[in-house]
Amino acid sequence: MLEQAAGLIRRPALTGHQHIEGLWFSAERFAPDERAQLILEHWQTGASAYRFADGDLLRLRQPMAVHCEALRGWPLIRQGHTLSSALFDPQEIRDLPSADLWLVRGSQVSALHLRDAVALAPEEWLDVSHLTLLDTYDCRQALPPPVLEPMEVTTDVREILGKNLKPVSPEQQKTLQALLARQQQASTASPDAGMSPASAGWTPPDTRPLPWLKLSVTLVLLVAVFWMGTQGQHSTVNALTPARETPLSVQISGVVLGTLIGGVALTLLLMGLRHLLRRVASLPLQSVPSRSPAGVETRARAPAGIAARAQPGKHKPALWRRWVTRMTQHSRLSALYGRRQAAYMQRMFEMFENGDLEEALRHAIPLRGGPHSGEQSFGTPQRRQDLSISQHQGLARSMVFEQDIEAHLRQIYRQTFERLERAGRIEEAVFVLAELLKAQQEALDCLEKHGRQQQAADLALAWDMPAATIVRLLCLAGNWQRALLVARRDDAFADTVTMLQDKWPQHAARLRLEWAESLARKGLWLQAVEAVWPLTAERGQATQWLLNAEKAGGSLAVGALVKRAILLPDTLLAYADQVEQLRDDPQRFAERAALADSLLQHKAHASELAWLAGATVHAIIADQMDGRGRLSLVQLQALVSMSKDKLLQADLPQHLPARPAPYTQVKGSEPLQWTAPSMGSRAILDAVLLDDQRYLLALGEAGAVVVDAHGKTLYQFAMPAQHIVLAHGRQVALVVARRDEVWRISKLDLVTRIATDLGVQVFDVFGRSFNGSNWTLGRGRQLRVVDVDRGFETLWHVSDLPGQISDLKDDASREFLWLTDPQKGVELWHYQLPERRLASRSPVPPLGFDDRYVLSATGAVKFMRVRHQDGEAAVLVLEGPQERNEYPLPDCDARADLDERVDVQLHEHWMMVGYPLNEHAMRWHFITKGSQRLSATLQWPRQGVRVRGVGADYLLFDDQGRLSHLNVDTVTQHNLALN
178 MLEQAAGLIR RPALTGHQHI EGLWFSAERF APDERAQLIL EHWQTGASAY RFADGDLLRL
238 RQPMAVHCEA LRGWPLIRQG HTLSSALFDP QEIRDLPSAD LWLVRGSQVS ALHLRDAVAL
298 APEEWLDVSH LTLLDTYDCR QALPPPVLEP MEVTTDVREI LGKNLKPVSP EQQKTLQALL
358 ARQQQASTAS PDAGMSPASA GWTPPDTRPL PWLKLSVTLV LLVAVFWMGT QGQHSTVNAL
418 TPARETPLSV QISGVVLGTL IGGVALTLLL MGLRHLLRRV ASLPLQSVPS RSPAGVETRA
478 RAPAGIAARA QPGKHKPALW RRWVTRMTQH SRLSALYGRR QAAYMQRMFE MFENGDLEEA
538 LRHAIPLRGG PHSGEQSFGT PQRRQDLSIS QHQGLARSMV FEQDIEAHLR QIYRQTFERL
598 ERAGRIEEAV FVLAELLKAQ QEALDCLEKH GRQQQAADLA LAWDMPAATI VRLLCLAGNW
658 QRALLVARRD DAFADTVTML QDKWPQHAAR LRLEWAESLA RKGLWLQAVE AVWPLTAERG
718 QATQWLLNAE KAGGSLAVGA LVKRAILLPD TLLAYADQVE QLRDDPQRFA ERAALADSLL
778 QHKAHASELA WLAGATVHAI IADQMDGRGR LSLVQLQALV SMSKDKLLQA DLPQHLPARP
838 APYTQVKGSE PLQWTAPSMG SRAILDAVLL DDQRYLLALG EAGAVVVDAH GKTLYQFAMP
898 AQHIVLAHGR QVALVVARRD EVWRISKLDL VTRIATDLGV QVFDVFGRSF NGSNWTLGRG
958 RQLRVVDVDR GFETLWHVSD LPGQISDLKD DASREFLWLT DPQKGVELWH YQLPERRLAS
1018 RSPVPPLGFD DRYVLSATGA VKFMRVRHQD GEAAVLVLEG PQERNEYPLP DCDARADLDE
1078 RVDVQLHEHW MMVGYPLNEH AMRWHFITKG SQRLSATLQW PRQGVRVRGV GADYLLFDDQ
1138 GRLSHLNVDT VTQHNLALN
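Every letter in the sequence shown is one number past the one before it in this note's numbering, and letter 633, counting from 1, is 810.
Spelled out as C-alpha cells, the structure:
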C-alpha cells in the first residue's frame, strides 16, 4: 500500500448520482459477516470480490447508476484502469502512483493492488442444502403430438359374451367391413355417418330408402284418396245434382283423373322434401343449430386403457313420415299395413309357443324402452342375421301395439329369459334383457350373477352406464387400471366405495385408499383424512395429512381442529392455548366464522364437539352482534345448543341486528369512487385469490409468490410462472411458462409448500382452473383432459372437432370451447362438468362492421361496438339474441382506437367496462347485471390492466405491481402494491 498527501485533491468523495463500477466496504465499519451480506446484496453475474486488510472490494461487471449518499459502502468509479473513491482531475491523476484501487481517506490517498488481496468466493457462503435442484429441459425442439391408442368398444354379444352363437354371415361381414372402411375415410363427415340402427340385427324395411317402399306408400295413399273421393262424390252428386244431368262414368273418370294427378303431385312433393332434408343433413353444423353433438364424440378414438365415452345415437325426425303416421292412425289405411304386421307377429308367437327359441329370438320385435320419435313403422319386420346388442339410445321408430298386446309380448319375453337362464344359455338370456326388454341394468346384473364381471363391465362402458356402476364392475373383474381411469375421469370414488363396502370390503378398502390419495394430491387434505380414516392401518398417514392442514394456518387449520376433535378427541387438550388465542384475538373473526361453519357442518358429532363449541361460542356471538358474522338466528341457536351451555341458551337474544343492505341495492345511492393502488416494483403477470385473504402471484421468471393482504411475502416458489391454473379447492395450483413451442408446467402445493416440475407439454389453449388433478388442454382440433399427477395421462378426449380451438373458458361446473373454421365460421361448444357431457353446440352469427365477440359467464355470445360521433360522448352498444343495451362512456379519449382499447367482461354478477381517458389513464365501470345500474368506478393509471374473477371476487393487476381486490357481495375494495 502506498500513501500520498491529498492536499491538492479538491473533491475527496463522490456525491449525487454516479455510474459506479465497484463498492468498498471498510473493515473499520463492517464486520466480516456484514461485509459478506453486503457483497451478496449487490452481486452481479460476472462480478468479483477481494479481501484486503482494510476491507473488501466488490468489482461490478456492469456499471450501475446509484445515488451515492444512499449507499452503505464507498462508491467507486473507474478512472483509466483504476477504481477510485473520488473524482480526480487529470493533474491530480498524474501525481498519483499506478494502482488497481485509489481510496481517499482524510488527507491521504491509499493505492491498493489486487495482487495483495485474497480473492473471495461468495458462492461458498450460500447454503443450498435445503433446496431441491431440478434438471432443466431442452426446449429447442417441440414435443411430438400425444399418441392416443385406439381401443375398440365392443357392442356385439359374440365378442363380449363368448363364441357360442352362430357365426356372422359372409354377406353381413362384407357389409360391416365396407362400413368400417367408409367410416375411417370420412373423418370429417356429419355426426350421423357412424350412427347405429335402432335395433342392431332387426331392421324394419322403412329405415332403408328402397324405391319399392316409396311406391307402395304412394299406391296406398292413392287407393285411400280414391276410395274417400268416390264416397264423397257419390254423396255430393246424390244430394245436389240429378243423376241424369251428369253421367256416373264421367264423374268416376273425373275422380280417377284427379286422384292420379294428386297422387303424382304428392309423390313428387315427398321426394322433393326427402331430397331437401338430405341436403340439410349434409350442410355444416353451423347451419343447423339443433343438430346432435353426439356424433363427434362417438367417432373419437379412445385413449389407451379406457374406452371413449359412449354417446346415444340421434335420429332426425322425418316430418313427412310423422305426418303420414298421424293421418293413417285414424283411417282405414292402418288396416292395410296392419294385416302384414299381424301375420308376422302371429308367426313369431307360434315360434315362442313351439319352443323354437333360436328362430323366435331372430324374429323378436324389441319393445319401446326409451324415447320414441312418434313415427309409425309401416313395413314388415325382417329376420335377424345374428344376435347383437345395440349401442343406440336415441329416438327410434316402432310398431304401434295395443296395450294388451304389448303386455302379452313383455310376458313372453320375460318367460323366455327365465327359460334361457335356467338352461344356462346366458348369451341369449342377456340378449333378451338388453335388446328385447330394454332392461340394461338387469342384463348387467345377470352377467354379474353368473360371474361374468368383465363382460358386464365391457357392456356398461359401451352403454355409458353410471360411472359408479362401471367402476364397481371393473373392480370386481380385477381390472384395476381401467377402473381407476374411469373413477378419476368421472370422480366416482365415493359412490363406488359405498356400493362395494357391504359385499366386497377388500375391494372397497383398496379403492378407498386410492380415493384418499387422489384427494390429497388435489390439496383436499381434510376430505382425504375422512376418506381414509375407516382403514385402521392407514391412520398414521391420515394423521400426517391432518398435521399438514394444521400447519397451513387460517381456515384450513380451523377445519383440521374440528376434524381432530371428532377423530382424535384425546389430543384436543394439547390445543387449548391455540383455541384460547383464536377466541380472544379480535382480528381473527374470519377464522372464528370458519370455525362456526365447520361446527355446524358436523352437527352429527355434537358430543365430540361440545368442548370446542363451548370454548368459542361467546366470541362467535360477539362477532355476530358486531356485524362481522354471517350466521342466521337458527344457526346461532344450533351452535349454542351444541355447546351444552344451558345459561347461554336461556340468555340468547331472540333477534339479531339486521344486516345492512348491500350498497348497490340502496335506492338513490351514488356510484362508489374507487382508486387504484400505488405503483409497486415487481410486475404481476397473473394473480388468484386464495383462502384467508392471501394471493398467489405469478412474477414470470422470478417465480411465484404468496402474499398476505398487506403485500407481505409469506413464501415463494422458484418456478417460472406466467399464468396460474388454480384448483377448485384453492390448495394446489399449476404455473405455466412459455418456452417457444412448448409450455413448462409446475405444480405448487400451497399447504406443504412443495413445488414439483412436471416437464413440458405442447398445447394452444388450456383451462384456467382444474379439480386438482384433471386439466383440460386444447391443440388444433383436439381437446384432451389429462391427469397431471400421472405423467399427463389422457383421461378423455375428442380428436376431430369441427374447427380449431381458439379459446377456452371454464369454471367448476362449465366449460366453453370457441371453435373457428375458415369455411364454416365460428361455433360455441358447452360442456357440463364434472360428467363432461356436451350440453349444447351452436353456431355464432358472423360479425358485423366494427363488432367484437363477448362471451358471458353463462355461455351467451354478445356483440359489442363503440359508437362515437363528433361532439357526442362515446357509447358502448351491447347486443344479445333478444336484447340491446347502451352504456355511456363519459370523458372517453376520442383519439384512441376505441374498438380495440375498450374492454368488456361479462361476469356472473357484474359487467366490467374499461375504456381510456387519455394515454396515461383509464377508467373501469362496474355495472350490476340485474338492474343495469352503475355501482362503482375505478380509476387506473395506465392501459394494460388484467382481470381475474372467481365467484364474487375479482382481481385487477398490472405489470407495475398494482393489485386491487373487489368483492361484489360486500361491494368492497382492497388495494396492495407488490415491492
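In this text, a Cβ means the ideal position worked out from N, Cα and C, and glycines have one as well.
{"Query": "Extent of the continuous alpha helix (DSSP H) run through Met856", "Result": "Met856 -> no alpha helix (DSSP H), and no H or E assigned at all."}
{"Query": "One or two residues paired with Thr1035 in a DSSP bridge", "Result": "According to DSSP, Thr1035 bridges with nothing at all."}
{"Query": "Option nearest Arg665 by Cα separation, candidates Asn656, Arg524, Val648, Trp681", "Result": "Val648"}
{"Query": "Inter-residue Cα distance where the pair is Ala298 and Phe229", "Result": "14 angstroms"}
{"Query": "Environment of Lys1039 [buried if 16+ CB atoms lie within 10 Å]", "Result": "buried"}
{"Query": "Own chain residues within Cβ distance below 7 angstroms of Val674, not counting five before or after", "Result": "Ala685, Leu688, Arg689, Trp692"}
{"Query": "Glu301 burial status per 10 Å Cβ neighbour count (16 or more: buried)", "Result": "exposed"}
{"Query": "Other residues of its chain near Leu810: CB distance less than 6 angstroms, five sequence neighbours each side excluded", "Result": "Leu833"}
{"Query": "Own chain, CB closer than 7 angstroms to Ser261, minus 5 neighbours either side, in chain order", "Result": "Leu253, Ile254, Trp279"}
{"Query": "Rounded C-alpha distance that separates Thr997 from Gln1046", "Result": "33 angstroms"}
{"Query": "Collapsed DSSP secondary structure at Thr953 in the structure displayed", "Result": "strand"}
{"Query": "Buried versus exposed, by CB contacts within 10 Å (16 or more), Ala796", "Result": "buried"}
{"Query": "Cβ shell of Ala932 (< 6 angstroms), same chain only, five flanking positions each side left out", "Result": "Phe894, Met896, Ser923, Leu925"}
{"Query": "CB contact flag (Ser976, Gln959, <8 angstroms)", "Result": "yes"}
{"Query": "Bridge-paired residues (DSSP) for Gly877", "Result": "Ala898"}
{"Query": "Spatial distance of Arg539 from Leu978 (CA atoms)", "Result": "39 angstroms"}
{"Query": "Leu1155 versus Leu866: straight-line alpha-carbon distance, rounded", "Result": "15 angstroms"}
{"Query": "Whole-Å CB distance - Leu777 paired with Ala742, under 8 angstroms assumed", "Result": "Going by Cβ atoms, the distance from Leu777 to Ala742 rounds to 14 angstroms, so no, they are not a contact pair."}
{"Query": "Sheet register partners of Ser203 (DSSP bridge)", "Result": "Gly232"}
{"Query": "Ser275: first and last residue of the uninterrupted alpha helix (DSSP H) it sits in", "Result": "Premise fails: Ser275 is in no alpha helix (DSSP H) and is neither H nor E."}
{"Query": "Beta-bridge partners of Glu992, as assigned by DSSP", "Result": "Asp987, Tyr1008"}
{"Query": "Pair within 8 angstroms by beta-carbon distance, Ala633 and Leu624", "Result": "yes"}
{"Query": "Where the beta strand (DSSP E) through Glu1063 begins and ends", "Result": "1061-1066"}
{"Query": "Same chain, Cβ closer than 7 angstroms to Leu544, neighbours up to 5 away in sequence not counted", "Result": "Glu583, Leu586, Arg587, Leu613, Leu614, Lys615"}
{"Query": "Alpha-carbon to alpha-carbon, Tyr752 and Ser855", "Result": "41 angstroms"}
{"Query": "Own chain residues within Cβ distance below 8 angstroms of Trp681, not counting five before or after", "Result": "Cys652, Leu653"}
{"Query": "Which of helix, strand or coil DSSP assigns to Asn1095", "Result": "coil"}
{"Query": "Endpoints, the alpha helix (DSSP H) within which Ala537 is located", "Result": "534-540"}
{"Query": "7 angstroms CB neighbourhood of Thr352 in its chain, flanking five on each side removed", "Result": "Its pLDDT being 46, under 50, Thr352 is placed unreliably in this model, and the coordinates cannot settle the point."}
{"Query": "Cβ neighbours of His1097 in the same chain (closer than 8 angstroms, five flanking residues each side left out)", "Result": "Pro1118, Arg1119"}
{"Query": "Start-to-end residues for the beta strand (DSSP E) that takes in Val1052", "Result": "1051-1056"}
{"Query": "Pro267 beta carbon less than 8 angstroms from that of His196", "Result": "no"}
{"Query": "Cβ neighbour criterion (16 or more within 10 Å) applied to Ala719", "Result": "buried"}
{"Query": "Buried or exposed (CB count within 10 angstroms, at least 16 for buried), Tyr892", "Result": "exposed"}
{"Query": "Other residues of its chain near His900: CB distance less than 6 angstroms, five sequence neighbours each side excluded", "Result": "Asp863, Val913"}
{"Query": "Leu454, DSSP secondary structure in three states", "Result": "Low per-residue confidence applies at Leu454: pLDDT is 47, beneath 50, and the placement is therefore not dependable enough to give any value."}
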